[in-house]
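Take a look at the structure set out below.
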């Protein structure tokens with residue numbers, strides 16, 4: 008009896024304790040890794056970011072986890088390694104994994120037309136020509152598919168004028184928002200171009216909801232966050248979590264000002280499959296480690312190896328995407344040419360950023376993963392992200 | 000003693016209490032003839048003239064097999080006769096200063112912002128442009144907004160399945176281009192009246208059907224009027240039939256509102272364009288209120304001004320503006336603009352509305368006549384209701 012209690016206590020302690028840094032196992036240079044918080048601190052001092060949490064993992068070990076600066080400047084609350092961030096579009100690969108889970112249950116296929124799950128897409132048209140005064144519509148040569156949504160090649164455009172303020176008002180459900188965007192014409196023939204599409208990713212989230220017959224956020228929590236132990240990853244943070252959530256800033260005229268955004272996603276009807284998650288660096292590292300491990304983490308299989316491979320393969324061929332050297336997998340940005348991205352990632356590395364400056368990536372060739380958490384809504388550049396990529400990549404010893 | 004006083008007071012206050020009488024036997028036997036011939040399963044009829052109500056009287060059956068006789072209080076899906084009721088709900092909000100009939104729809108439903116219009120339509124292409132002006136509440140009420148005639152291809156079965164909320168359905172409708180410049184033509188638009196119902200819901204900050212219940216059905220004593228049938232009343236609901244090679248067969252799930260025998264089980268959509276269930280007596284109360292300038296048994300339901308503007312001709316010279324010649328549109332009421340066009344012996348200015356299952360209701364203010372004719376047949380023309388209308392007019 009007493010032994011059981013003791014064992015349980017040990018087990019609980021093992022779960023609660025943050026993973027220890029082990030640079031040896033990671034095969035990384037601890038002095039070089041120490042450049043990461045130092046460099047981030049200089050950004051804080053320069054005033055381009057309020058603070059940052061950085062994480063680097065390699066060979067399944069934690070190589071570096073650092074917090075610098077402030078979670079909230081006004082109250083001088085220091086940034087902590089378990090500070091919670093709005094990860095915005097870093098949500099997209101999580102939505103992608105949710106879709107792959109359903110694929111593995113035989114509940115959807117990547118080549119399926121979207122309208123198979125969402126009949127409101129029937130009769131969708133395509134913009135043939137557009138000038139100042141008129142738009143001419145025609146029928147697209149084929150229906151948009153689940154894959155088109157995941158690779159941003161469906162041609163689905165931005166939110167229509169009637170619901171432009173949806174992301175601010177959050178006054179419609181995912182189902183309502185998708186039914187509305189479904190009524191709008193495509194910007195180009197499906198599969199012929201790349202256009203980053205939040206409406207497309209929300210459509211994917213809605214497909215997950217319909218195919219799983221389960222609310223999207225609940226499905227993500229039950230099937231991804233809980234089994235992976237991502238205990239601080241969710242769409243609707245409880246008030247008890249508010250004091251751990253980092254304040255969002257705008258960088259304007261060289262000064263950081265508190266951004267006029269809802270920091271807690273309060274009173275929201277809208278579960279954003281395109282970017283609604285709150286998370287921590289450690290939680291996202293667990294998600295990326297699962298990908299790096301070929302779909303499992305600590306004995307929990309989330310995805311098959313086959314799914315991980317197809318998700319992270321290059322799907323966009325030679326189509327131009329957001330930046331040089333990049334292509335798109337299924338909801339992941341994929342490095343197709345390391346000499347194009349120029350930030351020490353291997354060809355085949357994949358990851359995703361978020362609108363508030365966050366970034367996470369997985370580099371299978373280097374057996375490396377990394378997470379950058381900052382909260383800056385506007386006014387910055389990719390400096391912090393490039394710093395982390397470069398310093399992590401150049402700290403590898405073996 | 001106190002009881003005596005209250006009765007006395009009531010009698011003094013409501014001197015216009017209606018008398019009832021039975022239907023003219025000639026009318027009854029003519030409609031009975033249709034039931035015997037098998038073009039209708041049954042009918043309930045009622046008319047009121049100068050304060051006397053004739054009927055309601057029932058002929059034939061509420062359900063054919065097993066035979067269940069039609070009752071004077073049988074309940075009907077009155078379909079598009081719902082439309083004027085939705086519009087009257089809007090008039091109440093006008094009287095409360097909460098909206099204006101001339102307001103753009105997007106003032107209340109921002110999802111309408113950026114609405115386009117079809118400028119040209121070819122076989123496989125269409126060209127869109129911005130309409131010259133925004134659509135208004137009145138455009139919706141008069142069917143001149145240009146909003147689509149039938150639901151878009153993405154939700155083609157919304158009117159059978161009723162599986163979207165009013166909010167969801169109207170959000171979908173709102174994203175589609177108009178068929179013509181607002182106010183320039185007339186095109187019967189169910190989506191437009193659904194939108195009107197959604198405007199009511201948003202401005203009243205109350206579910207559509209709840210608002211109508213509180214503002215009309217309760218004060219008018221319309222005790223058998225509702226959008227979602229309560230279980231204890233389904234036994235009085237008349238079955239819907241269609242004519243198949245001259246024979247009446249039970250309508251299935253393909254009709255508006257879906258399988259009539261399922262009584263809208265699980266439905267989310269109240270259908271401000273066709274959702275109302277009602278009886279002859281209930282509708283007669285509503286129509287009598289309209290005839291009496293907005294009051295009913297001493298209670299004011301609507302202002303005289305609202306009744307006048309709602310039943311005036313709003314479509315001017317637009318032709319066609321209705322389903323038959325000589326018709327025009329008021330605020331979701333059909334209005335007789337030329338009795339020599341409609342040829343049904345109704346006075347100019349007679350207003351009313353029909354329903355897809357053969358029902359008809361009208362108010363002939365010049366002759367002080369209210370008429371209600373209820374059958375439940377999907378398709379099959381209007382011979383029976385026309386006969387009733389003409390015979391009622393001929394009693395004058």
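Protein chains in written order, with this note's numbering: chain A, 8 to 405; chain B, 0 to 395. Note that the Cβ used here is the ideal one computed from N, Cα and C, for glycine as well. Quick caveat, the model's predicted, so the values are computed rather than measured.
Classify residue i: buried if its beta carbon has 16 or more other beta carbons within 10 angstroms, exposed otherwise.
{"i": "residue 349/A", "result": "exposed"}
{"i": "residue 177/A", "result": "buried"}
{"i": "residue 223/B", "result": "buried"}
{"i": "residue 199/A", "result": "exposed"}
{"i": "residue 16/B", "result": "Any reading at residue 16/B is ruled out, since the residue's pLDDT is 48, under 50, leaving its predicted position unreliable."}
{"i": "residue 18/B", "result": "exposed"}
{"i": "residue 218/A", "result": "buried"}
{"i": "residue 138/A", "result": "exposed"}
{"i": "residue 183/A", "result": "buried"}
{"i": "residue 136/A", "result": "exposed"}
{"i": "residue 32/B", "result": "exposed"}
{"i": "residue 118/A", "result": "exposed"}
{"i": "residue 38/A", "result": "exposed"}
{"i": "residue 390/B", "result": "buried"}
{"i": "residue 155/A", "result": "buried"}
{"i": "residue 322/B", "result": "exposed"}
{"i": "residue 398/A", "result": "buried"}
{"i": "residue 99/A", "result": "buried"}
{"i": "residue 101/A", "result": "buried"}
{"i": "residue 277/B", "result": "buried"}
{"i": "residue 249/A", "result": "exposed"}
In chain B, which residues lie with their C-beta within 7 Å of the C-beta of residue i?
{"i": "residue 144/A", "result": "124, 125 and 127"}
{"i": "residue 282/A", "result": "Within 7 Å Cβ-Cβ: nothing; residue 282/A doesn't reach chain B, min ~21 Å."}
{"i": "residue 135/A", "result": "124"}
What are the partner residues of residue i, as DSSP defines its beta bridges?
{"i": "residue 367/A", "result": "359/A and 378/A"}
{"i": "residue 166/B", "result": "None, per the DSSP bridge assignment."}
{"i": "residue 328/B", "result": "333/B"}
{"i": "residue 286/A", "result": "92/A"}
{"i": "residue 370/B", "result": "46/B and 361/B"}
{"i": "residue 73/A", "result": "61/A"}
{"i": "residue 276/B", "result": "76/B and 225/B"}
{"i": "residue 117/B", "result": "127/B"}
{"i": "residue 79/A", "result": "84/A"}
{"i": "residue 353/B", "result": "359/B"}
{"i": "residue 152/B", "result": "In the DSSP output, where bridge partners are listed per residue, residue 152/B has none listed."}
{"i": "residue 133/A", "result": "145/A and 193/A"}
{"i": "residue 60/B", "result": "68/B"}
{"i": "residue 135/B", "result": "103/B"}
Leaving out five residues before and five after residue i in sequence, what residues of the same chain have Cβ atoms less than 7 Å from its Cβ?
{"i": "residue 334/A", "result": "321, 323, 328, 341 and 343"}
{"i": "residue 90/B", "result": "301, 305 and 309"}
{"i": "residue 128/A", "result": "121, 122 and 189"}
{"i": "residue 84/A", "result": "77 and 78"}
Among residues of its own chain, excluding the 5 on either side of residue i, which ones have a beta-carbon nearer than 6 Å to its beta-carbon?
{"i": "residue 282/B", "result": "360 and 371"}
{"i": "residue 291/A", "result": "367 and 378"}
{"i": "residue 9/B", "result": "Because the pLDDT at residue 9/B is just 40, under 50, the model does not fix this residue reliably, and the value given afterwards should be weighed accordingly. Answer for residue 9/B: no residue qualifies."}
{"i": "residue 375/A", "result": "65"}
{"i": "residue 389/A", "result": "none"}
{"i": "residue 69/A", "result": "26 and 28"}
{"i": "residue 360/A", "result": "366"}
List the residues of chain A whose Cβ lies closer than 7 Å to the Cβ of residue i, in chain order.
{"i": "residue 132/B", "result": "By Cβ distance, chain A contributes nothing, its closest Cβ being about 16 Å from residue 132/B, past 7 Å."}
{"i": "residue 383/B", "result": "The contacting residues do not exist; residue 383/B stays about 38 Å from chain A at best."}
{"i": "residue 111/B", "result": "169"}
Show which residues of chain B have a CB atom less than 8 Å away from the CB atom of residue i.
{"i": "residue 128/A", "result": "153"}
{"i": "residue 190/A", "result": "151, 153, 171, 174 and 175"}
{"i": "residue 141/A", "result": "118, 126, 127 and 128"}
Under 8 Å between beta-carbons, which chain A residues line up against residue i? List them in chain order, please.
{"i": "residue 167/B", "result": "182, 183 and 186"}
Short of 8 Å in beta carbon distance, which residues of its chain neighbour residue i, apart from the five on each side in sequence? Order them along the chain.
{"i": "residue 308/A", "result": "302"}
{"i": "residue 271/B", "result": "81, 82, 85, 165, 192, 193, 195, 196, 197, 199 and 207"}
Relative to chain A, which residues along the region 143-159 of chain B have a C-beta separation below 8 Å, given in chain order? 151, 152, 153, 154 and 155
Listed from N- to C-terminal order along the chain, which residues in the region 164-186 of chain A have their beta-carbon within a distance smaller than 8 Å of any beta-carbon of chain B? 167, 168, 169, 170, 171, 172, 179, 182, 183 and 186
Given a limit of 7 Å on CB to CB distance, which residues of the region 193-225 of chain A reach chain B? none
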